[in-house]
Every structure is written in C-alpha cells, then in structure tokens.
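A.B. asks: Here it is, the structure in full.
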Amino acid sequence: MKDLLRIADLTPDALVHLLDRAGHFQRHPHDSGELLRGRTVLLYFAKPSTRTRLSAETAVVRLGGTPLTVGPAELQLGRGETIADTAHVVSSYTAAVVIRTFDDEEVRSFAHAAHVPVINALTDGHHPLQALADLMTLREVFGDLRGRKIAYVGAATNVTHSLMEAAALAGLSMAVATPAGYAPDPAVEAMARKLSTGGELVLTDDPREAVHGADAVYTDVWLSMGDPPEEKAARVAALAPYRVTAGLMAAARPGAIFLHCLPAHRGEEVTAEVIDGPASQVFRQAANRLPTAQAVLEALLTRGLAGAL
Ligand code: CP
Ligand code: NVA
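Counting the sequence shown from 1 gives a position; this note's numbering is that position plus 1052.
What follows is the structure, given as structure tokens:
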C-alpha cells in the first residue's frame, strides 16, 4: 500500500486512522513539521484545481517540505516522454507525487513505475482526497458515522464513486439518485458492495426516495472536467429534476446537512438558497481538504497505509 489511488485501497482501520490524524492536524497544524524537511513533493495537475492543489501544496509546506507544482506543458511528458520514464526519473528527486489527470489508467501506470508514493488528486473515475474530507466533515457534524445515511443526487461522478467506497468502508448507508445514463460505474458499485461494513447501498432514479431518511444530501457538477462540453445541454435537460432544492432538502431527515465538493454552479445542480443556506457545510468540507491531505501524506511517507495502523 504505497499509494492512494482510490478509497478502495484503504482498509476500514486505515480510513479511521487517516480521519483521526486529520482531526489531529486540524488541532495541531504544524505537528510532524520536520517530516519532509529538505524534500520535495511533485504536484502534477493536468486539469484546473483550486482546493486540491492549494491544500496539497499547503500540506507539504506544513510537513516541512517544498511543493513543486507543474502542468503538462512544463514536463517532457507533454512532448511524448512516457509515463513510466517520467515516474522513474521523478522518483529520484521527490518524496511523493500528487497527480490530477484524466484516465485512471494514467495514474495507475505512474504509480506502478514510481518508487515513491503516488496520490490521486482526481481522475475521471475517482477523487479519494475529496471523500476523506467529506467523511471528516460528517464526523465533525454527527460524531459516529455508523447508522447514518448519505444521499447523493445528480450525475454520478468521480466524487460519487469515491464517496460510495468511503461510505462502504465507514459503515454509512448511501443512496444514489441519478437519471438513466448517469448512474455510477457498475464496477465501482460492485466494489462498494464488496467493501461494505454494514451500511446499505441503494441506487435509484428517484431523488425523493434517495433523500428519505438521509442525514446529508450531496451533489456535484453536472458536467465534470473530463466530460465532453457538447454534452452540456443534454445533461442539463436530463438532470434538471435532480437539482437540490429547499423542497428536496425538506424531504431529508430534519437537521440534514448539504454537501458539495465545489466548485458549484448555483441554479444548476443546487439552488443558491440551499448552498448558501444554514444546512450547507460546503466551506467546512473545503477547509477539511487541508488536514486530510496532511494525514494522507504523513501516512504514505512514514509506513505506508498498511503500516499506518
Ligand atoms: N473539490 C475539488 O477537488 O476542487 P478543485 O477542483 O478546486 O481541486
Ligand atoms: N466531478 C467534478 C469534481 C470537481 C472537483 C469534476 O471532475 O470536474
């Protein structure tokens, strides 16, 4: 367990360990401040990022290291050098690599050829760092997660997939409401069912069924960074009934919170009334990206995820 490429790479105990350490870093931001002293971490971002890039860079600095952030145009990778050669070379200089790219296979290939830990900073299929911050947020609000339920409503995305795997490991129940054609990847669904530690997983096309009894209602953008822009109009038409509105929130459990990975599009997947209203915990989620990134780096740079237990 050298890398964190998806939440399914974790055991339930490793997940709890990371969340505990994230809580520790929230209280003691500069603990382990020598871990990366004199070392660098490469952050390679082939897609834009506000939260992931800046929280990971800050996490590296808090652990005593220096982040080196580059895009495709700055590496020879952009001119055809192979992923394997790049990963091999980069491993000679850096303590870890954080990658945001498109196809999951690119990150798997990079991790396979790298001698240092590789962290998935979002691919088309997964967003594990986001799911850790999401669970940290749920723990802060609700305490014990077992027996709680989260509803995801909208188009299934990388964020949905990581949340499904995280919910399974944490013993949370989850309902996912999507229109036909926008359901989660069946392979991820199968993985989440395999990982389950007691919670229920329900896939439906009915948003009201999904939010019934939910402690948290989650949505993500309708067009992700890896999706073809020309799909936008068809997606807006198919997904309009899945917008998170005050009416939909009222069908969840009293006191239910609203979550969103951000960036958000007010008036599309969520109304301004909901995301800017009292149930919204989106900025707490965003803030939790920093201590969770610190926890992941610490675990991978010390004894790996298995050794973190
Ligand atoms: N939630 C998230 O990953 O945001 P960024 O794309 O800004 O990193
Ligand atoms: N599903 C979105 C998440 C952004 C953080 C995307 O991939 O664009």
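Where a beta carbon is used, it is the ideal one built from N, C-alpha and C, also for glycine.
#1: Straight-line CA distance for Ala1066 to Ser1214?
#2: Since I believe Ala1060 is in contact with Glu1217 (beta carbons under 8 Å), could you give me their beta-carbon distance rounded to a whole number of angstroms?
#3: Using the rule of at least 16 other Cβ atoms within 10 Å of the residue's Cβ for burial, across every protein chain shown, is Leu1361 buried or exposed?
#4: What's the C-alpha gap between Asp1228 and Val1068?
#5: Write down the C-beta distance between Gly1367 and Leu1291 rounded to the nearest angstrom, noting that I regard them as a contact closer than 8 Å.
#6: Got a sec, what are the start and stop residues for the alpha helix (DSSP H) Leu1247 sits in?
#7: Ala1302: buried (16+ other C-beta within 10 angstroms of its C-beta) or exposed?
#8: Tell me the residue span of the alpha helix (DSSP H) that contains Thr1323.
#9: Taking buried to mean at least 16 other C-beta atoms within 10 Å of its own C-beta, is Ala1285 buried or exposed?
#10: Assuming Asp1156 and Gly1123 form a contact by the criterion Cβ under 8 Å, report the distance between their Cβ atoms to the nearest whole angstrom.
#11: Given a cut-off of 9 Å on the beta-carbon distance, is the pair Gln1333 and Phe1077 in contact?
#12: Using only the alpha-carbon positions, how far apart do Ser1101 and Gln1337 sit?
#13: Determine, using beta carbons only, whether Val1263 and Ser1225 come nearer to each other than 9 Å.
#14: Taking the straight line between their C-alpha atoms, what separation do you get for Arg1073 and Arg1091?
#15: Can you tell which of Thr1344, Glu1350 and His1164 has the C-alpha that lies nearest to the C-alpha of Asp1186?
#16: Excluding five sequence neighbours on each side, which residues of the same chain lie with their C-beta closer than 8 Å to the C-beta of Val1159?
#17: So if DSSP puts Ser1332 in a beta bridge, which residue, or which two residues, is it bridged to?
#18: Between which two residues does the beta strand (DSSP E) harbouring Ala1268 extend?
#19: Just to confirm, does Pro1119 get its C-beta within under 8 Å of one of the non-hydrogen atoms of the ligand CP?
C.D. replies: Result, derived from the coordinates:
#1: For the purposes of this step, residue 1066 is identified with residue 14 of the sequence shown, where counting begins at 1. For the purposes of this step, residue 1214 is identified with residue 162 of the sequence shown, where counting begins at 1. Their backbone Cα atoms lie some 15 Å apart in a straight line.
#2: Mapped onto the sequence shown, residue 1217 falls at position 165. Mapped onto the sequence shown, residue 1060 falls at position 8. Right, the Cβ-Cβ distance comes to about 5 Å (below 8 Å), so this counts as a contact.
#3: For the purposes of this step, residue 1361 is taken as the residue at position 309 of the sequence shown. Unreliable positioning characterises Leu1361 in this predicted model, as indicated by a pLDDT of 44, which lies under 50. The coordinate reading is nonetheless provided below. By the 10 Å Cβ count, Leu1361 comes out exposed.
#4: Taking the first residue of the sequence shown as position 1, residue 1228 is located at position 176. Taking the first residue of the sequence shown as position 1, residue 1068 is located at position 16. This sequence places Val at residue 1228; Asp is not what is there. Roughly 23 Å separates the two Cα atoms.
#5: Outside the shown range of the chain (1053 to 1361) lies residue 1367, about which nothing can therefore be said.
#6: Here residue 1247 refers to the residue found at position 195 when the sequence shown is read from its first residue. Its alpha helix (DSSP H) spans residues Pro1238 to Leu1247.
#7: Start at 1 with the first residue of the sequence shown, and residue 1302 comes out as number 250. Result: exposed.
#8: Within the sequence shown, numbered from 1, the residue matching residue 1323 stands at position 271. Premise fails: Thr1323 is in no alpha helix (DSSP H) and is neither H nor E.
#9: Along the sequence shown, read from residue 1 onward, the residue named residue 1285 stands at position 233. Classification for Ala1285: exposed.
#10: Here residue 1156 refers to the residue found at position 104 of the sequence shown. Here residue 1123 refers to the residue found at position 71 of the sequence shown. Not confirmed; about 19 Å, so no contact.
#11: Stepping through the sequence shown from its first residue, residue 1333 is reached at position 281. Stepping through the sequence shown from its first residue, residue 1077 is reached at position 25. Phe1077 sits away from Gln1333, with the two beta carbons spaced by 9 Å or more.
#12: What you label residue 1101 is simply residue 49 of the sequence shown in a count that begins at 1. What you label residue 1337 is simply residue 285 of the sequence shown in a count that begins at 1. Approximately 15 Å, taken between the alpha carbons.
#13: Here residue 1263 refers to the residue found at position 211 of the sequence shown. Here residue 1225 refers to the residue found at position 173 of the sequence shown. No, these two residues do not count as a Cβ contact at 9 Å.
#14: Counted from its first residue, the sequence shown places residue 1073 at position 21. Counted from its first residue, the sequence shown places residue 1091 at position 39. Roughly 22 Å separates the two Cα atoms.
#15: Numbered from 1 along the sequence shown, position 134 holds the residue referred to as residue 1186. The shortest Cα separation from Asp1186 among Thr1344, Glu1350 and His1164 belongs to Thr1344.
#16: Against the sequence shown, residue 1159 aligns to sequence position 107. Excluding residues within five positions, the ones whose Cβ falls inside 8 Å are Leu1057, Ile1151, Thr1153, Val1170, Asn1172 and Thr1175.
#17: Taking the first residue of the sequence shown as 1, we reach residue 1332 at position 280. When DSSP reads this structure, Ser1332 sits in a beta bridge with Phe1310.
#18: Stepping through the sequence shown from its first residue, residue 1268 is reached at position 216. Run containing Ala1268: Ala1268 to Thr1271, per the beta strand (DSSP E) assignment.
#19: By one-based count along the sequence shown, residue 1119 stands at place 67. No, Cβ of Pro1119 sits at least 8 Å from all heavy atoms of the ligand CP.
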